[in-house]
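S.K.: So that we are looking at the same thing, I have put the structure below in structure tokens.
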Amino acid sequence: QTLFSCLILEPPSLSMFLNTLTPKFYVALTGTSSLISGLILIFEWWYFRKYGTSFIEQVSVSHLRPLLGGVDSSSPSNSNTSNGEADSNRQSVSECKVWRNPLNLFRGAEYNRYTWVTGREPLTYYDMNLSAQDHQTFFTCDSDHLRPADAIMQKAWRERNPQARISAAHEALELEDCATAYILLAEEEATTIMEAERLFKQALKAGETCYRRSQQLQHHGTQYEAQHRRDTNVLVYIKRRLAMCSRKLGRTREAVKMMRDLMKEFPLLSMFNIHENLLESLLELQNYADVQAVLAKYDDISLPKSATICYTAALLKARAVSDKFSPEAASRRGLSTAEMNAVEAIHRAVEFNPHVPKYLLEMKSLILPPEHILKRGDSEAIAYAFFHLQHWKRVEGALNLLHCTWEGTFRMIPYPLEKGHLFYPYPICTETADRELLPMFHEVSVYPKKELPFFILFTAGLCSFTAMLALLTHQFPELMGVFAKAFLSTLFAPLNFIMEKVESILPSSLWHQLTRI
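By the UniProt record's numbering, the letter at position 128 of the sequence shown is numbered 128, and the numbering carries on one by one without gaps.
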């Protein structure tokens with residue numbers, strides 16, 4: 001109130017008031033401004049960490065610009081822009097769809113063993129909840145109440161407690177041979193891959209019986225058709241997991257045969273992405289010709305891409321030149337056609353998922369892959385590198401070629417969130433989804449790196465500077481006065497030097513006339 005009243009006083013009263021102010025007033029004023037700057041800085045930093053943008057910049061763009069004469073919201077151009085933004089938002093949502101990991105591990109035999117050894121939980125609640133939804137979608141149908149064991153399993157898939165699910169599966173098996181009950185026990189109760197394989201073989205017998213029975217009745221009504229669809233999903237899941245058991249137990253050729261037979265028997269069930277399991281097994285056998293044949297079928301423009309497709313294609317092209325590749329020789333003579341094709345394939349793969357190279361080059365530590373992945377995200381990169389790092393190491397020079405060329409991708413796409421080169425712009429929602437899918441102890445890889453907004457940096461500097469001035473002025477008022485005078489004299493020294501030179505060059509009469517003007 002005193003400061004406000006002084007502003008409306010007459011000039012003599014104002015000068016008198018200013019002369020009566022003590023250094024403590026200026027210290028308090030500087031300290032208050034420092035406190036306010038600090039509070040703004042803390043709020044801005046928290047908002048930026050949570051939402052990835054500056055609060056003040058967002059308010060300025062969203063609310064103040066229209067009030068200060070922004071574009072009319074009713075104009076046709078703005079309507080087209082809004083439609084474009086809506087399309088990009090829809091595309092972003094589709095890009096950020098979470099997919100089932102084709103190579104997901106076994107909970108009992110692998111994830112739980114990791115927890116027993118390390119005391120850490122490798123799966124998040126969000127990831128396990130998605131798995132529960134998948135199980136209810138694939139392994140249940142509306143007619144489950146007609147079969148007591150299936151009715152029990154329908155409740156079991158909804159249980160959150162693992163022990164309750166396992167108990168319900170045993171209860172269902174007491175009534176009859178239930179394929180889904182064996183699946184649950186193989187996934188969650190079995191502590192070794194061999195034990196899981198034994199349970200899946202029992203599930204296969206029960207699943208084939210149900211499948212043949214429902215296959216004969218599928219045309220008798222919608223209820224029987226839904227039951228047959230459920231039995232088909234169960235049978236495909238069991239055969240795929242049995243093939244994965246064979247792969248983990250070292251029977252890779254047997255696993256490849258089972259996967260090929262499964263893809264021939266059920267060619268329309270591409271939702272399980274069995275071809276990615278097949279690619280990994282063929283790479284283990286070093287059967288690169290068959291790998292190329294699978295890529296030719298599934299690396300199609302009409303099909304959704306994946307890190308497995310893009311990086312496997314890059315590995316095959318790198319294999320042709322990596323053993324003789326030298327960055328020094330390439331810089332002297334230029335890249336050959338084969339080397340250029342390999343580099344372009346690496347750039348294509350890195351543009352699709354830029355997180356993978358750091359894991360392949362062991363610049364970042366790997367963790368167990370989640371049960372669900374986000375395409376083009378960190379979760380997909382972990383899932384790919386976890387199984388395919390050994391295949392890159394096996395190809396001589398492949399990792400060296402990747403190390404020399406992968407960062408060149410980012411020069412081709414300087415603004416990845418706005419415009420891509422070979423793919424759609426990189427989705428902005430990957431970081432949020434990956435934080436939900438990956439455990440807390442893992443540092444999520446973020447692309448592109450977020451730069452601190454200018455306002456946060458400016459506020460931090462202003463807060464620190466004013467706080468330091470307030471502290472030094474309060475502790476050493478006389479010394480700070482000397483420093484202030486020395487600083488001002490140094491600041492104006494070049495100007496004084498120029499003025500002296502001007503005075504010495506110009507005639508005194510002309511300088512006098514200029515000063516009068």
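Glycine residues also receive a C-beta, built at the ideal position from the N, C-alpha and C atoms.
Roughly how many angstroms lie between the CA atoms of Leu279 and Gly397, to the nearest whole one?
M.R.: Rounded to whole angstroms, the separation of the alpha carbons of Gly397 and Leu279 is 21 angstroms.
S.K.: Alpha carbon to alpha carbon, how far is Gln292 from Lys264? Give it in angstroms, no decimals.
M.R.: Distance between the alpha carbons of Lys264 and Gln292 is about 18 angstroms.
S.K.: With DSSP as the reference, label Val98 as helix, strand or coil.
M.R.: strand
S.K.: Can you list, in chain order, the residues of its chain whose CB lies under 6 angstroms from that of Arg435, leaving out five sequence neighbours each side?
M.R.: Val444
S.K.: Assuming Phe272 and Pro102 are in contact, meaning their beta carbons sit under 8 angstroms apart, how far apart are those beta carbons, in whole angstroms?
M.R.: 7 angstroms
S.K.: Mind pulling the beta strand (DSSP E) runs of 3 or more residues that sit fully within the stretch 334-398?
M.R.: 372-374
S.K.: What is the DSSP secondary structure of Ser157, reduced to helix, strand or coil?
M.R.: The residue you asked about is not Ser; residue 157 is Trp in the sequence shown. Here Trp157 sits in coil by DSSP.
S.K.: Over what stretch of residues does the alpha helix (DSSP H) that includes Asn496 continue unbroken?
M.R.: Pro477 to Ile505
S.K.: Tell me whether Leu105 sits in a helix, a strand or coil according to DSSP, three-state version.
M.R.: coil
S.K.: How about Phe139 and Tyr237: are their beta carbons less than 9 angstroms apart?
M.R.: yes
S.K.: May I ask you to report which of helix, strand or coil DSSP gives Gly250?
M.R.: coil
S.K.: Along the chain, where does the alpha helix (DSSP H) containing Met128 start, and where does it finish?
M.R.: For Met128, the enclosing alpha helix (DSSP H) stretches over residues Tyr125 to Phe139.
S.K.: Helix or strand or just coil, what does DSSP make of Glu286?
M.R.: One detail in the question is off: residue 286 reads as Gln in this sequence, not Glu. In this structure, Gln286 counts as coil in the three-state DSSP scheme.
S.K.: As a quick exercise: from Ala296, Asn277 and Leu402, pick the residue whose alpha carbon is nearest that of Ala318.
M.R.: Nearest neighbour of Ala318 by Cα position, chosen from Ala296, Asn277 and Leu402, turns out to be Leu402.
S.K.: Do Phe352 and Lys305 have their C-beta atoms closer together than 9 angstroms?
M.R.: yes
S.K.: Looking only at its chain, what residues have a beta carbon closer than 6 angstroms to the beta carbon of Ser214, apart from the 5 residues adjacent to it on each side?
M.R.: Gln227, His228 and Asp231
S.K.: Beta-carbon separation of Ala433 and Cys178 under 9 angstroms?
M.R.: no
S.K.: Within a Cβ cutoff of 6 angstroms, which residues of the same chain sit near Ala320, ignoring the five residues on either side of it in sequence?
M.R.: Closer than 6 angstroms at Cβ, skipping near neighbours: Ala338.
S.K.: Classify Lys264 as helix, strand or coil using the three-state DSSP reduction.
M.R.: Helix.
S.K.: With 16 other CB atoms within 10 Å as the buried threshold, where does Lys393 fall?
M.R.: exposed
S.K.: Within 9 angstroms (strictly less), CB to CB, does Glu371 reach chain B?
M.R.: Protein chains in the displayed structure number just one, and chain B is not present.
S.K.: Taking the beta carbon of Pro267 as the centre, do at least 16 other beta carbons fall within 10 Å, making it buried, or is it exposed?
M.R.: exposed
S.K.: Using the Cβ count rule (16 or more neighbours within 10 Å means buried), how would you classify Asn233?
M.R.: Asn233 counts as buried, since at least 16 other C-beta atoms from the protein chains shown sit within 10 angstroms of its C-beta.
S.K.: What do you get for Ile505, buried or exposed, if any count of 16 or more other CB atoms within 10 angstroms of its CB means buried?
M.R.: exposed
S.K.: From what residue to what residue does the alpha helix (DSSP H) around Ile428 run?
M.R.: That residue, Ile428, is in no alpha helix (DSSP H); it is neither H nor E in DSSP.
S.K.: For the 8 angstroms Cβ check, are there 3 or more pairs between the stretch 206-220 and the stretch 121-137?
M.R.: Contact between the stretch 206-220 and the stretch 121-137 is absent, because fewer than three Cβ pairs lie under 8 angstroms.
S.K.: Taking DSSP as the reference, what is the three-state secondary structure of Asn273?
M.R.: coil
S.K.: Under 9 angstroms between the Cβ atoms of Phe169 and Leu185?
M.R.: It is worth fixing the name first, because residue 169 is Ala in this sequence and not Phe. Yes, the pair counts as a contact, with Cβ atoms nearer than the cut-off.
S.K.: Taking all protein chains shown into account, do 16 or more other C-beta atoms lie within 10 angstroms of the C-beta of Gly377, making it buried, or fewer, making it exposed?
M.R.: buried
S.K.: Using only CA atoms, which one of Asn277, Cys463 and Lys501 lies nearest to Leu39?
M.R.: Cys463
S.K.: Taking the alpha helix (DSSP H) that Ala169 belongs to, which residues open and close that run?
M.R.: Pro162 to Leu175
S.K.: I'd like the list of long-range same chain contacts for Arg247, defined as Cβ closer than 7 angstroms, with 5 residues on each side in sequence excluded.
M.R.: Contacts found: Ala255 and Ser281.
S.K.: What whole-angstrom Cβ distance do Glu189 and Ile166 have, given they're in contact under 8 angstroms?
M.R.: 5 angstroms
S.K.: Pick out whichever of Glu110, Val343 and Tyr424 has its Cα sitting closest to the Cα of Glu407.
M.R.: Val343
S.K.: My understanding is that Leu368 touches Leu437, with C-beta atoms under 8 angstroms, so please give their C-beta distance in whole angstroms.
M.R.: That belief does not hold up - the Cβ atoms of Leu368 and Leu437 are roughly 12 angstroms apart, past 8 angstroms.
S.K.: Assign Met440 to one of three DSSP states: helix, strand, or coil.
M.R.: Under the three-state reduction of DSSP output, Met440 falls in the coil class, being neither helix nor strand.
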